[in-house]
Structures are given as C-alpha cells and as structure tokens.
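Number of protein chains: 2
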Amino acid sequence: MRIVTSVRGMQRLARRWRRGGPRVALVPTMGYLHAGHLSLVKLARRKAGRNGRVVVSIYVNPAQFGPGEDFARYPRDLARDKKHCRAAGVDVLFVPPDREMYPDSQNEAFSTFVVEHRLSRGLEGASRPAHFKGVTTVVAKLFNIILPDLAVFGAKDFQQAAVIQQMVRDLNIPVKITVAPIVREADGLALSSRNAYLSPAERRQAVVLRQAIQLAQKKVAASRRFLPASRLRGELIRFIQRQPAARVDYVEFFDPKNLEPVRQVARGVQMALAVFLGKTRLIDNARL
Amino acid sequence: MRIVTSVRGMQRLARRWRRGGPRVALVPTMGYLHAGHLSLVKLARRKAGRNGRVVVSIYVNPAQFGPGEDFARYPRDLARDKKHCRAAGVDVLFVPPDREMYPDSQNEAFSTFVVEHRLSRGLEGASRPAHFKGVTTVVAKLFNIILPDLAVFGAKDFQQAAVIQQMVRDLNIPVKITVAPIVREADGLALSSRNAYLSPAERRQAVVLRQAIQLAQKKVAASRRFLPASRLRGELIRFIQRQPAARVDYVEFFDPKNLEPVRQVARGVQMALAVFLGKTRLIDNARL
C-alpha cells in the first residue's frame with residue numbers, strides 16, 4: 001500500500017492510471033475507520049475489479065465543521081487506519097495535510113466553493129449551516145485530485161449521498177456514485193467514528209435512534225392509512241427523550257428523491273433523525 | 289470536423305481520447321466567432337500539438353447573464369461559426385442546447401454552483417452580480433464534459449481569466465489555463481461579439497476605451513511619481529464622456545495578481561474599464 005500526502009503526487013499517480021486504464025475507486029473518509037468504512041472499501045474493491053485501484057482518502061475537512069462543532073477533537077488514529085487499509089487491500093491511502101488542501105498564501109487565499117442549494121437546505125443543512133458547502137467543495141477537490149471512475153459513500157449520511165449525487169449530475173462530474181448500506185452494531189447502533197465519544201451510559205442509550213426508526217416502521221406497517229407526520233414526530237421525540245442523556249435535534253419524514261418534507265407518512269417515506277447523547281450528536285435514517 | 293450536441297456524446301468522446309492519450313485543448317466561447325476567438329483556436333491548436341484535439345464549445349450560458357442584460361438578443365450565427373471552425377482546423381464543435389446543460393425535471397432541478405468569492409467581487413462582479421457564479425459553474429461543467437488537458441481564454445476578459453485560474457487552483461481541476469492576448473481592430477477597438485450591436489456612430493466612438501488606456505499609459509510613463517488613482521480615474525472619465533454616446537460604468541486600477549484596487553497608479557498596475565456606448569456595454573483592459 002502506498003501512502004501519498006501531496007496533491008501533486010496524488011494527481012501525478014492519477015494521471016498515470018488514467019493513461020493505463022485501470023478502474024479507480026475512491027472511498028473518501030475522515031479516518032478513524034470502523035467496519036462501516038471497511039464495508040465501503042470492500043464494495044470499492046469489488047467495483048474496481050481485479051485490475052482496478054482502490055484509493056482511501058483520510059482528511060478531516062475543517063470546511064465542513066461549524067464553529068463550536070467537534071473539529072479539534074474529532075478522533076484520529078492514522079497508525080490504526082493504515083493497518084485496516086493494508087488488511088483491506090487498499091492500493092493508495094491519500095492523507096493530505098491542511099496546507100495541501102487549502103493553501104493560503106497572500107495572493108492565493110482559498111476562495112472557490114461548490115454549493116448545492118436545494119437538497120442541502122433541510123435536515124443536517126438546517127442544523128449545520130455551512131456543512132454541505134464544505135462537503136461538496138472537498139469532495140469536488142478529491143475527485144479532481146484522484147480522478148476516480150467511481151466513489152463509494154455510506155448510507156448513514158443519507159443527505160450527504162443525495163447532495164453528492166446532485167452535484168455530480170449538475171456539474172457533469174465523470175464519477176459514478178455508489179451508496180453502501182449502513183453497518184450496525186449487534187444492538188442496532190449505526191457505526192460512526194463519533195461513537196467513540198460516548199460514555200458507557202450514553203452508549204447504552206444510543207440504541208434509541210435505531211429503536212425510534214423501528215417504532216416508526218412498525219407504526220407505518222400497522223397503519224392502513226397515512227400517519228400525520230407531526231403526530232408521529234411527537235411520539236418518537238417522547239420515546240427518544242425517555243432516555244435521560246438523549247436530546248432530539250430533529251426527526252424528519254421526507255421524500256427520498258428530493259428530500260422534501262412530507263405531511264403524511266406512509267411506506268416508502270424516508271425518515272432521518274439527529275439526536276444528542278450528552279454532547280455527542282448522532283444521526284441515523286431508514287426507508288419506512 | 290465533428291459536431292456534438294449532447295453531453296453524453298461529448299463525454300463518451302472525451303473518455304475515449306483520455307484512454308488513447310492525445311492532448312485535448314478547449315476553447316470555450318459563446319459563439320458569433322471573430323478573429324479574437326480564432327486566435328485562441330490557433331493557440332489551442334499549437335498547444336495541443338500535431339496529434340492533439342481541439343474542441344471549441346459554443347454555448348450562450350443563461351446563468352451568466354443578469355436580468356435586463358442581453359441574453360435574448362446576444363448575437364448567434366451557428367452556420368458562420370461552423371465555417372470558421374472548420375477553416376481553423378477545429379476537431380470538435382460542442383454546441384449543447386440548454387436542456388443538456390441545465391436539465392430541469394421535477395426531482396432534478398439544477399441546484400449546484402461553483403462560486404469564487406474573492407476575485408469575482410469587484411469590477412465586472414460589482415456591475416454584474418451573479419455573472420461569475422454563472423461563468424465558473426458553466427466552465428466547471430465544460431471541463432468535466434470535455435476533460436481537456438488545457439483551455440484557452442482571452443485576455444479581454446481579464447477578470448474572468450483570473451477567476452477561472454483561481455477556481456482551477458482551488459478545486460485542483462487538472463486543466464492548464466492559457467490566456468491569449470487581446471486582438472484589436474485597426475483603430476484599436478478590442479474585438480467582441482458585442483461590437484455587432486454598435487451603430488456606425490457608436491462604433492466610431494467605441495475606440496475611446498482603447499484611447500483612454502493609452503492616455504493612462506502615457507501619463508504613467510511620463511510621471512516620475514505615483515499618480516493618485518482617483519485623480520487619474522476622474523481625468524479618464526471626463527476624456528471618455530466627451531464622446532456623446534459614451535457612459536462610463538467603471539474605470540479601475542488594481543493589482544493584476546489579486547485584483548485589489550490600488551490608490552496609487554504606477555507602471556505594472558492593471559487598468560480595466562467598462563463603458564456603455566448607447567445600450568452596448570464594452571470592456572477593455574491593459575497593464576500600465
């Protein structure tokens with residue numbers, strides 16, 4: 001496995017691959033890899049094919065964190081990430097420092113952003129105002145640096161995947177996007193690098209996100225009519241906040257295609273939620 | 289010469305070239321080609337090399353015109369443009385209709401833009417608020433569709449070239465940008481498709497943009513000290529508005545590297561101006 005830290009070095013490699021013709025698959029991550037990431041790598045490996053190349057990027061992108069969010073304390077463990085990637089058959093690990101991604105000399109202050117205006121408004125975008133501008137910008141940069149044929153994103157960040165797909169379509173980016181299913185712990189908690197923040201008590205209560213989804217699924221399956229979204233939301237919020245460490249940020253029901261909120265919930269509607277467990281903000285989502 | 293109108297068709301061709309390895313040079317235009325454009329094509333031809341491919345795109349991009357600007361009446365003559373391109377040895381003419389560039393079905397309304405915040409604020413950006421957002425977005429799209437190794441822009445749109453170069457640097461777009469010098473009529477008027485709007489009287493007076501630049505150059509050359517920008521601007525505005533059809537939009541003096549306005553004008557400072565001749569808005573610029 002090769003480790004590349006400079007944009008120029010990565011771009012040189014990417015251009016060489018482009019001439020030669022192997023399929024290149026990218027898994028963009030912020031590191032602190034868990035089994036969820038590794039399922040993306042596995043899928044990337046399969047999609048790239050026997051002669052393909054799999055690149056994992058690890059970059060905790062400051063531009064997608066708001067003030068007061070967890071950028072500084074976001075967990076990092078490059079040594080362990082390297083081991084995981086090596087074991088997973090990753091060909092190149094791209095780990096750029098900030099000065100490579102956002103060079104900032106006097107005449108060249110970074111000033112160009114990719115913004116998506118429609119799908120990134122609600123949900124995470126409402127709670128984290130500049131978040132998706134940071135995401136779309138860094139993903140566009142990674143695509144230009146690594147020149148992948150395809151990229152794999154996780155379904156836990158449902159809205160992120162939708163925004164990235166919209167960006168790719170609108171800007172005609174020649175990268176195929178694949179979205180891989182959520183990987184969960186045995187008790188149902190969706191894997192996340194942020195789970196590392198949880199105290200043992202918070203960890204036990206964190207399963208409530210998944211339980212709230214299952215409760216909604218059960219109610220939708222049992223109902224022969226539409227359920228008013230506002231009523232279902234109220235029930236779920238009460239259910240979640242029975243856990244003493246839990247504070248709901250949002251529970252939303254929406255059309256999975258355009259992310260528009262729905263007033264009536266039925267089978268096929270997408271549900272997403274964000275819940276604080278103590279200071280740790282977790283998200284989850286599912287089709288109902 | 290091949291004419292391609294679909295994004296998919298152009299992207300297929302671009303990917304094939306990418307495998308094969310010829311250098312691809314792009315000249316993005318809004319059509320109604322004149323000798324200025326053809327000088328860009330010639331440069332693109334030389335830079336692409338003997339086995340290279342030259343693509344000219346013709347697209348009057350609605351996103352870069354403001355309300356009340358000349359989008360609807362912008363001059364178009366595809367038959368003549370084709371002849372010019374064929375004669376200039378262009379390999380592919382990419383002429384997409386609007387529905388290819390900005391598809392707009394219910395769940396896929398166009399919503400992603402590339403925005404540059406620093407260099408695009410002043411000058412044209414101040415007079416035409418959403419202009420550069422439209423330019424950077426469509427150029428990013430054209431780069432992703434045509435996958436050129438290099439692209440050639442004209443120096444008449446000095447700020448546009450600076451903004452594009454900033455975008456390419458910030459987003460790590462793997463395209464080399466070349467800026468080609470302004471081509472002028474015998475009397476000094478910079479070539480522009482918009483010159484076609486001018487009445488004979490306006491056409492005669494339009495030479496005043498170039499004359500104002502020359503006046504500034506003479507004053508700078510003659511002065512042994514810095515010239516206050518505000519005084520020089522005042523003199524030039526008076527000089528220009530002696531022409532009855534002329535109304536100055538702006539005359540600016542700035543650092544060519546970061547486009548920051550300067551208070552003192554000296555050799556090496558960039559000057560740019562925008563002047564209405566009747567209803568037609570013309571621009572020009574030069575290093576002093």
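Protein sequence lines, in the order shown, are assigned to chains A and B.
Residue numbers for the first sequence, in this note's numbering: 1 to 288.
Residue numbers for the second sequence, in this note's numbering: 289 to 576.
Ideal placement from N, C-alpha and C gives every residue a C-beta, glycine not left out.
Computed from a predicted model, the values in this text were never measured in an experiment.
- Item | Expected contact under 8 Å - CB spacing of Met318 of chain B and Val348 of chain B to nearest Å | In this structure Met318 of chain B touches Val348 of chain B by the C-beta definition: roughly 5 Å separates them, less than 8 Å.
- Any idea if Lys545 of chain B is buried or exposed, counting beta-carbon neighbours within 10 angstroms, 16 or more meaning buried? Classification of Lys545 of chain B: exposed, given that the 10 Å Cβ count is below 16.
- Would you mind sorting Ala72 of chain A into buried or exposed? The rule is 16 or more other CB atoms within 10 Å of its CB. Answer is exposed; the Cβ neighbour count stays below 16.
- Coarse secondary structure for Thr591 of chain B, derived from DSSP in three states: No answer is possible for residue 591 of chain B: it lies beyond the span of chain B, which begins at 289 and ends at 576.
- Minimum C-alpha distance to Arg169 of chain A - residue among B:Ser399, B:Ile501, B:Val463: When each option's Cα is compared against that of Arg169 of chain A, the closest is B:Ser399.
- Query: In three-state DSSP terms, what is Ile177 of chain A?
  - Reply: Under the three-state reduction of DSSP, Ile177 of chain A is assigned to strand.
- Query: Taking 8 Å as the CB-CB cut-off, is Glu412 of chain B touching chain A?
  - Reply: Chain A contact via Cβ: absent.
- Quick one: which residues of the stretch 427 to 459 of chain B get their C-beta closer than 8 Å to a C-beta of chain A? List them in chain order. Per Cβ criterion, the list reads Ala428, Lys429, Asn432, Ile433, Leu435, Gln454, Met455, Arg457, Asp458, Leu459.
- Contact check, Glu404 of chain B vs Val451 of chain B, beta carbons under 8 Å: For Glu404 of chain B and Val451 of chain B, yes; Cβs fall inside 8 Å.
- Task: Please classify Asn172 of chain A: is it buried, with 16 or more other beta-carbons within 10 angstroms of its beta-carbon, or exposed?
- Result: Flag for Asn172 of chain A reads buried.
- Might you give, ordered along the chain, the residues of its own chain that have their beta carbon closer than 8 Å to the beta carbon of Ala35 of chain A, omitting 5 neighbours on each side? Only Val183, Leu191 meet the Cβ criterion.
- Item | Touching by the beta-carbon criterion (3+ pairs, under 8 Å), the stretch 525 to 532 of chain B and the stretch 507 to 516 of chain B | Three or more Cβ pairs closer than 8 Å define a contact, and the stretch 525 to 532 of chain B falls short of that threshold against the stretch 507 to 516 of chain B.
- Query: Using 8 Å as the limit for Cβ to Cβ distance, is Pro174 of chain A near chain B?
  - Reply: Interface residue, yes.
- Message: I'd like the span of the alpha helix (DSSP H) that includes Asp358 of chain B, first residue to last.
- Response: Here Asp358 of chain B belongs to no alpha helix (DSSP H), and DSSP marks it neither H nor E.
- Item | Three-state secondary structure assigned by DSSP to Ser345 of chain B | It is a strand residue.
- Task: Determine the extent of the beta strand (DSSP E) in which Met271 of chain A is found, giving its start and end residues.
- Result: 270 to 277 is the span of the beta strand (DSSP E), which, as asked, contains Met271 of chain A.
- Message: Considering only the alpha carbon of each residue, which of B:Leu328, B:Val295, B:Pro462 lies closest to Asp437 of chain B?
- Response: Checked all of B:Leu328, B:Val295, B:Pro462; the closest Cα to Asp437 of chain B is B:Pro462.
- Task: Kindly list, in the order they appear in chain B, the residues whose Cβ is closer than 8 Å to that of Ser111 of chain A.
- Result: The answer, in chain order, is Glu404, His405, Arg406, Leu407, Gln454, Asp458.
- Task: Say whether chain A places a C-beta atom closer than 8 Å to the C-beta of Gln558 of chain B.
- Result: No, Gln558 of chain B does not count as interfacial toward chain A.
- Item | Neighbouring residues, chain B, relative to Arg15 of chain A (Cβ below 9 Å) | Chain B residues near Arg15 of chain A: Pro462.
- Item | Cβ pair count under 8 Å reaching 3, the stretch 135 to 152 of chain A against the stretch 407 to 424 of chain B | By the C-beta criterion, the stretch 135 to 152 of chain A is judged not to be in contact with the stretch 407 to 424 of chain B, since fewer than 3 inter-stretch pairs fall below 8 Å.
- Message: Which of the three DSSP states is assigned to Ala151 of chain A in this structure?
- Response: Strand, per DSSP.
- What whole-angstrom Cβ distance do Ile177 of chain A and Val95 of chain A have, given they're in contact under 8 Å? So it is not a contact: roughly 22 Å between Cβ atoms.
- For Phe113 of chain A, I'd like the list of residues in its chain whose CB is within less than 7 Å of its CB, leaving aside the five on either flank, ordered along the chain. Counting only Cβ-Cβ distances below 7 Å, and skipping sequence neighbours, we find Lys133, Thr137.
- Task: Label Arg498 of chain B either buried or exposed according to how many other C-beta atoms from any shown protein chain fall within 10 Å of its C-beta, with 16 as the threshold for buried.
- Result: Arg498 of chain B is buried by the Cβ-count criterion.
- Query: What is the DSSP secondary structure of Asp572 of chain B, counted as helix, strand or coil?
  - Reply: In the three-state scheme derived from DSSP, where H, G and I count as helix and E and B as strand, Asp572 of chain B is classed as strand.
- Cβ shell of Arg247 of chain A (< 6 Å), same chain only, five flanking positions each side left out: These residues qualify, in order along the chain: Phe276.
- Contacts that Val135 of chain A makes with chain B (C-beta to C-beta distance below 9 Å): Result: empty, since nearest Cβ-Cβ is about 12 Å, beyond 9 Å.
- What is the rounded straight-line gap between the Cα of Phe542 of chain B and the Cα of Ala351 of chain B? Cα-Cα distance, rounded: 27 Å.
- Residue-chain proximity (Val27 of chain A, chain B), Cβ-Cβ < 8 Å: Not an interface residue.
- Message: If distances are taken between C-alpha atoms only, which option among B:Ile433, B:Ser345, B:Thr293, B:Ala560 comes closest to Asp537 of chain B?
- Response: For Asp537 of chain B, the nearest C-alpha among the options comes from B:Ala560.
- Pull up the distance between the alpha-carbon of Val312 of chain B and that of Val56 of chain A, whole angstroms please. The straight-line gap separating the alpha-carbon atoms of Val312 of chain B and Val56 of chain A is approximately 29 Å.
- Message: One question on the structure: do Thr280 of chain A and Arg204 of chain A come within less than 8 Å of each other, judged by their Cβ atoms?
- Response: Contact annotation: Thr280 of chain A and Arg204 of chain A have beta-carbon atoms that are not nearer than 8 Å.
- Item | Span of the beta strand (DSSP E), counted from its first residue to its last, around Val312 of chain B | Per DSSP, the unbroken beta strand (DSSP E) holding Val312 of chain B starts and ends at 312 to 317.
- Opening and closing residue of the alpha helix (DSSP H) in which Val135 of chain A lies: First-last of the alpha helix (DSSP H) with Val135 of chain A: 131 to 146.
- How many angstroms separate the CA atom of Ala109 of chain A from the CA atom of Arg409 of chain B? For Ala109 of chain A and Arg409 of chain B, the distance between alpha carbons rounds to 14 Å.
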